[in-house]
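Peer 1:
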Amino acid sequence: MKNKKNIGVDAKPPVKACSDAKCCWHGSLPVRGRVFEGKVISSKASRTVVVKWGYNKFIPKYQRYERRNTTVRAHSPECMSAKMGDTVKIAECRPLSKTKSFVVVENISEAK
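When you line the sequence shown up against the working numbering, it's residues -2 to 109, in that order.
1) If V100 and V28 are in contact, beta carbons under 8 angstroms, what's the gap, nearest whole angstrom?
2) Would you mind listing the beta strand (DSSP E) stretches within the region 30 to 91 that are 3+ residues and don't spill past its ends, in chain order?
3) Determine the burial state of A42: buried for a count of at least 16 other Cβ atoms within 10 Å of its Cβ, exposed for fewer.
4) What residues match up with V12 in a beta bridge as DSSP calls it?
5) Would G35 and I87 be called neighbours here (beta carbons separated by less than 9 angstroms)?
6) By DSSP's criteria, E103 is part of a beta bridge. Which residues make up the other side?
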């Protein structure tokens, strides 16, 4: 791939090519807003992955932190080949369906 597309996110482009119009690397989908890294906990739906990541929430009453999780659905283009157990980087985009507003921009565990 000679001309590498700049999507505005610090991510490595995929090795494979795809013909998905909703791919941020090979299609016409712009990304904006928030970027997260998480683990794929489900990849059963077609071109969709469920990504989960954890964070600490401070509880002022007890002066302690508690562990919380966030789970979102993200579009997974064919060139990413994200499967269950992979660590991925997802970026916010326009709403793609009722529940999907994120797209996978990098498969981190595949690069290792």
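We put the CB at the ideal spot given by N, CA and C, even for glycine.
Values in this document were obtained by computation on a predicted structure and should not be read as measured data.
Peer 2: Reading off the structure:
1) 7 angstroms
2) 45 to 56, 61 to 72, 84 to 90
3) exposed
4) In DSSP, V12 forms no bridge with anything.
5) yes
6) K86
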